[in-house]
Amino acid sequence: MSEEPPAKKSKPSKLFDRLITRRNNVADSITDFDFNKKRVRVLSTATEVVKNCNGVLYWMFRDGRIQDNWAFLFAQKLALKNRVSLHVCYCILPKFLDATLRHYKFLVESLEEVANDCKDLNINFHLLYGVPNSVVLNLIKKRNMGALVVDFFPLRTPMGWVDDLKKNLPSNIPICQVDAHNIVPCWVTSTKQEYAARTIRGKINGKLNEYLTEFPPIIKHPYDSNFKIDKIDWKNCLKDVKINRSVDKVEWCKPGYRAALNHLESFINERLKNYNEKRNDPCEDACSGLSPWFHFGMISVQRVVLEVKEYRKKYKESVESFMEEAIIRRELSDNFCFYNENYDKLIGGPSWAIESLNLHRKDKREYIYTLKEFEESQTHDDLWNAAQNQLKQIGKIHGFLRMYWAKKILEWTKTPEEALEWSIYFNDKYSMDGRDPNGYVGCMWSVCGVHDQGWKERQVFGKIRYMNYKGCERKFDVKEFVMRYNGKVVIKKK
Ligand SMILES: Cc1cc2nc3c(=O)[nH]c(=O)nc-3n(C[C@H](O)[C@H](O)[C@H](O)COP(=O)(O)OP(=O)(O)OC[C@H]3O[C@@H](n4cnc5c(N)ncnc54)[C@H](O)[C@@H]3O)c2cc1C
């Protein structure tokens with residue numbers, strides 16, 4: 025495999041400097057800031073940083089950035105209070121769900137930026153390889169770390185890592201989890217699975233005054249490490265991972281915090297004005313496009329919302345609909361995955377939907393495609409094929425078409441289980457923002473009615489909301505979209 029050259033820092037946007045000033049105006053450091061402790065869950069019986077330790081460790085896995093990161097800030101708060109060095113680690117896993125080279129390169133190039141910035145801040149960055157339970161644990165034990173701070177990521181695998189670590193960590197070491205991804209911490213918003221946006225909206229909006237605040241800065245850490253940090257071989261760090269290497273990186277999506285700020289700036293300057301009216305048109309460029317950076321935590325959604333909110337007077341409707349998507353819809357997805365252990369299985373859907381899909385299990389399907397035919401965009405539907413090409417070529421399907429795309433997989437597979445599994449598989453494998461609660465919920469919404477209601481009953485779908493080609497033609501220029509992504513029709517006998 026030919027590896028990429030080392031990451032070059034993207035040119036910082038004007039926002040980069042403005043945000044530094046803004047953070048500095050909030051507080052000199054986290055020590056002078058009134059940190060909201062409800063952002064933290066102490067998962068251990070130990071609550072105090074171990075005396076005479078060598079440092080505090082932040083294990084970063086969902087929120088891959090330094091600034092505007094409540095988990096990082098909390099770790100620095102502990103380290104400053106205890107006058108010890110601050111360490112950050114990231115584990116390169118041999119495999120993570122269906123992530124491919126496309127995702128690993130994006131991740132690793134961004135981590136290199138994080139590591140370089142950490143160096144400037146006298147914070148020690150460790151790149152670890154392997155299963156967290158063993159490599160993070162080794163680092164803690166070998167280097168006498170006095171506390172562990174971890175991210176919050178409500179998917180089975182990462183929740184399992186944290187559980188394993190909790191079981192194996194020496195009992196005197198505290199482990200604290202911080203929800204740095206949601207504006208209102210997932211466990212604060214609600215203690216149960218919410219039915220829909222309408223039931224969670226008030227719960228979130230009612231807490232925004234408390235949680236949608238400015239961030240203080242991560243500062244140059246005043247305490248040095250008393251041991252040497254292993255050098256990182258960035259060029260070879262993906263050498264041993266066991267991933268699909270045929271799905272390579274996409275050009276439009278540059279890794280890292282600085283690139284994310286550039287993208288945010290272009291959204292505010294060029295697309296935000298049209299967001300409300302045109303975001304559902306796949307031929308228009310009106311969406312933020314920020315989901316890959318959100319997914320990897322390279323930029324904070326809270327920061328983005330604070331920035332976008334500044335334009336409320338100018339683009340009221342657009343700002344409000346952006347906040348609905350980026351806050352309510354996104355945090356609803358985390359709520360679903362956190363409280364529903366079957367967040368990616370049919371049985372995780374609402375009972376009305378499961379009953380209805382079961383009633384229509386034996387309905388004759390007009391078309392049935394194999395996984396390979398879907399994957400190779402070989403359906404009779406040029407729009408579907410174009411959407412699938414878009415996914416493979418640029419690592420993303422437009423938000424509106426994503427719904428159509430997943431619903432057609434339901435229509436053209438033998439069972440709803442297969443439809444769910446395959447839509448998740450493609451989404452996780454190709455989409456830059458895949459393997460995310462939003463992805464599982466998006467597929468579950470499309471295939472088995474999660475957060476939706478029952479609609480007029482029909483073949484195959486039962487009461488699941490239906491979408492069709494004609495409806496798309498009424499909404500946007502289908503032919504133009506098909507031409508862009510070469511959605512050739514494959515004639516298949518019925
Ligand atoms: C079948 C299907 C699969 C999906 N898979 C993913 C996925 O893997 N990852 C992902 O982040 N989103 C997914 N979504 C939700 C949505 O389509 C994307 O978040 C959106 O298209 C991302 O583009 P954007 O950043 O330009 O969004 P914008 O319209 O600019 O929205 C800003 C942000 O709001 C959030 N958001 C927007 N729409 C939704 C939504 N419907 N549900 C939850 N959050 C939302 C995202 O974080 C997004 O980045 C999926 C939806 C469907 C129907």
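With positions in the sequence shown counted from 1, the corresponding number in this note's numbering is that position plus 24.
By construction, the Cβ of each residue, glycine as well, lies at the ideal position given by its N, Cα and C atoms.
Keep in mind it's a predicted model, so treat the numbers as computed, not measured.
Tell me whether glycine 321 sits in a helix, a strand or coil according to DSSP, three-state version.
coil
Tryptophan 429 burial status per 10 Å Cβ neighbour count (16 or more: buried):
buried
Looking only at C-alpha atoms, which of Ile253, Arg426, Asn510 sits nearest to asparagine 492?
Arg426
State yes or no: is the C-beta of phenylalanine 40 within less than 8 angstroms of the C-beta of arginine 295?
no
If you draw a straight line from the C-alpha of lysine 487 to the C-alpha of phenylalanine 59, how long is it?
46 angstroms
With a threshold of 7 angstroms (Cβ to nearest heavy atom), would histidine 319 be considered close to ligand 1?
yes
Below 7 angstroms CB to CB, which residues in the same chain sit around alanine 95 once its five sequence neighbours on both sides are set aside?
Tyr82, Asp87, Val173, Asp175, Val202, Ala204
Under three-state DSSP, which class holds asparagine 162?
helix
Could you give the first and the last residue of the continuous alpha helix (DSSP H) run that contains glutamine 477?
Counting along the chain, glutamine 477 falls outside any alpha helix (DSSP H), and DSSP gives it neither H nor E.
Taking only the alpha-carbon atoms, compute the straight-line gap between leucine 395 and lysine 143 and give it to the nearest angstrom.
46 angstroms
Per the contact definition of three or more C-beta pairs closer than 8 angstroms, is the segment 176-183 in contact with the segment 359-373?
yes
Would you list the residues sitting across from alanine 171 in a DSSP beta bridge?
Val80
Proximity of leucine 262 and tyrosine 449 at Cβ, strictly below 8 angstroms
no
Where aspartate 56 falls, given that 16 or more other Cβ within 10 Å makes a residue buried
exposed
Are there any heavy atoms of ligand 1 lying less than 7 angstroms away from the beta-carbon of serine 357, as far as the coordinates show?
yes
If we count Cβ pairs, one from each stretch, closer than 8 angstroms, do we get three or more for the segment 207-226 versus the segment 102-112?
no
Residues near cysteine 472 in its chain [Cβ-Cβ closer than 6 angstroms; skip 5 each side]:
Leu370, Gly373, Ala377
Quick check on glutamine 100: does DSSP put it in helix, strand or coil?
helix
Excluding the five sequence neighbours on either side, which residues of its own chain have a C-beta within less than 7 angstroms of the C-beta of tyrosine 339, listed in chain order?
Leu296, Lys297
Closest to glutamine 483 by C-alpha separation, out of Gly79, Lys165, Leu381, would be which residue?
Leu381
Nonlocal neighbours in the same chain, by C-beta distance under 7 angstroms from alanine 99, ignoring five residues either side
Val80, Tyr82, Leu110, Val173
Please work out which residues of its chain come closer than 6 angstroms, Cβ to Cβ, to proline 279, disregarding the five sequence neighbours upstream and downstream, and give them in chain order.
Phe130, Glu133, Ser134
Enumerate, from N- to C-terminal direction, the unbroken alpha helix (DSSP H) stretches of 4 or more residues contained entirely within the segment 317-383.
325-333, 340-347, 354-363, 375-383
What's the C-alpha gap between tyrosine 495 and methionine 507?
Before going on, a small fix: residue 495 reads as glycine here, not tyrosine. Their backbone Cα atoms lie some 19 angstroms apart in a straight line.
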